[in-house]
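Data first, discussion second: the structure below is written as structure tokens.
Residue numbers (our numbering): 1252 to 1830.
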């Protein structure tokens, strides 16, 4: 009986467990396996990001329509053992929520709802596997992993598990070393009486419980999704509410109370807002490439990443994306901003824009536009009430192409620096492709109109530590704030991770970074790469910390994607070959 350890029991750990037994079932092997799963969180399957108990004001940034691609689990028979099926996310929903009309606004569920689904899916699987003696769950954190061939030993604070023959690391967000800026602020707060600093964006419950009053002036280091969750936590969870005054556009009015801060001051390096996704399927169809276009795009990406003539820079991706965008943009005719460009001209303009997001052109929204007006313009495009700019169009087409990028760019053979360039491009796209629902942006607009959200300092202000907190200065405007909330999630940069198991693996030279800005170097099938001349080590890394070897590590759908299946099938194949 082969002994596996899965370290990390969030969504990726759940799917790794499912995939392993599915691969065993599909191969009809006589061989047996058992799994020890390490997960300290009380809701396995969900992980803390999808905690079923978190506040309802934390929303997903993916629609329930898109979550139709989250597959269920088929029933499996392993000898006398029957592992029950579990429905897909869409099948799990109440029937009336499963297939709404294309003109209905897309639903963006609370993260707690997804967490409830993931935990239920895990518990059904775990109950069956534990009943057959195939699964042990240890509710502790692994701090040390040692390997003396052919066995691993996993250590927690209270015990050691020995004779593990294969390990898959499926941990998610990890603590990292504080940036110089955050460290300076933390040192500053330690010397002041009244200033409050949160260096981590989540859980927002800690922020809600802090001594943040109606007199507090709150700054947000980051102008993205986490900031929106934090603002909702500090308003909606304190009695405020939004009133919808236009169902078609989700336009809102903010009704505040005396229980929440009266001034929020967000800022970021570029001051640009997140961009809302199309409000429904009918609008979104404008941006959907044809199957033929996606196929051609996939071939171009694969050729650049893994073909005979490997790409030497990021332009292969820019050119492939522009080839999808140009004919599609011309095809929407008067639904686009007025122009007289040819397909070739749109093609080259798209490449230039993707290479320089601040490019000035009549088809692109100007970065000189005020943030409030920019959000209003983008909402109008998202609800189908204004012609679409090319930058908004490219961002939404990129979202539809993203799964193809993630699939075809797995374990690329190109130089690490080119991988880093491609990942930087994808990260830059997330302002659009990972954008929030229209309603979230309408909430920010309503808060700005109510005088609660101060956008005067949003574009990279000068920040000085002062006696009562921090002073922000921008264009001769100044404000002193006493609460600073970090709303930037740490990137999966291996060299900055500050958790015991990762430091242990680095110390033992069992893992190495793909690039100084990226995660763990892995080869095909997710196994860690070992130096030439060294023996294979049966340690796989799936998910966030393998960024660079794969991309798309932060998407919930990628937790249930082909890379985990590929690892499990390869692992079972290796076991067959050992017999």
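We put the CB at the ideal spot given by N, CA and C, even for glycine.
Quick one: using the 10 Å Cβ neighbour count with 16 as the cut-off for buried, is residue i buried or exposed?
i, result
"residue 1385", "buried"
"residue 1441", "exposed"
"residue 1773", "buried"
"residue 1281", "exposed"
"residue 1525", "buried"
"residue 1702", "exposed"
"residue 1253", "buried"
"residue 1501", "buried"
"residue 1303", "buried"
"residue 1563", "exposed"
"residue 1421", "buried"
"residue 1277", "exposed"
"residue 1724", "exposed"
"residue 1655", "buried"
"residue 1462", "exposed"
"residue 1490", "exposed"
"residue 1350", "exposed"
"residue 1728", "exposed"
"residue 1293", "exposed"
"residue 1312", "buried"
"residue 1466", "exposed"
"residue 1257", "buried"
"residue 1357", "buried"
"residue 1290", "buried"
"residue 1782", "exposed"
Based on the DSSP secondary-structure assignment, which residues constitute the bridge partners of residue i?
i, result
"residue 1778", "1791"
"residue 1753", "Paired residues: none, contrary to the question."
"residue 1717", "1720"
"residue 1398", "1403"
"residue 1417", "1255"
"residue 1448", "1735"
"residue 1337", "1324"
"residue 1725", "1728"
"residue 1773", "1779"
"residue 1764", "1771"
"residue 1710", "1519"
"residue 1329", "1332"
"residue 1411", "1406"
"residue 1704", "1515"
"residue 1639", "1587"
"residue 1440", "Answer by DSSP bridge pairing: none, since residue 1440 is not bridged."
"residue 1748", "1427"
"residue 1310", "1361"
Output the boundary residues of the alpha helix (DSSP H) element that contains residue i.
i, result
"residue 1273", "1262-1277"
"residue 1346", "Per DSSP, residue 1346 belongs to no alpha helix (DSSP H) and is neither H nor E."
"residue 1596", "1594-1606"
"residue 1576", "1566-1582"
"residue 1696", "1689-1700"
"residue 1427", "It is not in any alpha helix (DSSP H) - residue 1427 carries neither H nor E in the DSSP assignment."
"residue 1816", "1813-1829"
"residue 1634", "Note, residue 1634: premise wrong, no alpha helix (DSSP H); not H, not E."
What residue range does the beta strand (DSSP E) around residue i cover?
i, result
"residue 1737", "1734-1737"
"residue 1287", "1284-1289"
Return the Cβ separation of residue i and residue j in integer angstroms, given the expectation that the two are a contact with Cβ distance under 8 Å.
i, j, result
"residue 1531", "residue 1354", "6 Å"
"residue 1468", "residue 1733", "6 Å"
"residue 1820", "residue 1336", "Actually they do not touch by this definition, with Cβ atoms about 20 Å apart."
"residue 1743", "residue 1720", "The pair is not a contact, with the Cβ atoms about 31 Å apart (cut-off 8 Å)."
"residue 1406", "residue 1393", "7 Å"
"residue 1242", "residue 1436", "Absent from the model: residue 1242. The displayed extent of the chain is 1252 to 1830, so no value can be given."
"residue 1794", "residue 1423", "7 Å"
"residue 1659", "residue 1556", "6 Å"
"residue 1471", "residue 1806", "Going by Cβ atoms, the distance from residue 1471 to residue 1806 rounds to 24 Å, so no, they are not a contact pair."
"residue 1665", "residue 1802", "About 12 Å; that fails the 8 Å criterion."
"residue 1255", "residue 1265", "Incorrect: roughly 14 Å between the Cβ atoms, too far for contact."
"residue 1572", "residue 1649", "7 Å"
"residue 1505", "residue 1698", "5 Å"
"residue 1626", "residue 1692", "5 Å"
"residue 1416", "residue 1439", "At roughly 50 Å, the Cβ-Cβ gap does not stay under 8 Å, so residue 1416 and residue 1439 are not in contact."
Taking 7 Å as the cut-off, is the C-beta of residue i nearer than that to any heavy atom in the ligand ADP?
i, result
"residue 1668", "As for the ligand ADP, it is missing from this structure, which has no ligand bound."
List, from N- to C-terminal side, the beta strand (DSSP E) runs of 3 residues or more that fit wholly inside the region 1456-1542. DSSP runs (the beta strand (DSSP E)) wholly in the region 1456-1542: 1468-1472, 1492-1497, 1502-1506, 1514-1518.
At 4 residues or longer, and completely inside the region 1648-1687: list those alpha helix (DSSP H) runs for me, N to C. Here the runs fully enclosed are 1667-1684.
What are the complete alpha helix (DSSP H) segments, minimum 4 residues, inside the region 1356-1395? Restricting attention to alpha helix (DSSP H) runs no shorter than 4 residues, the region 1356-1395 encloses them at 1362-1382, ordered along the chain.
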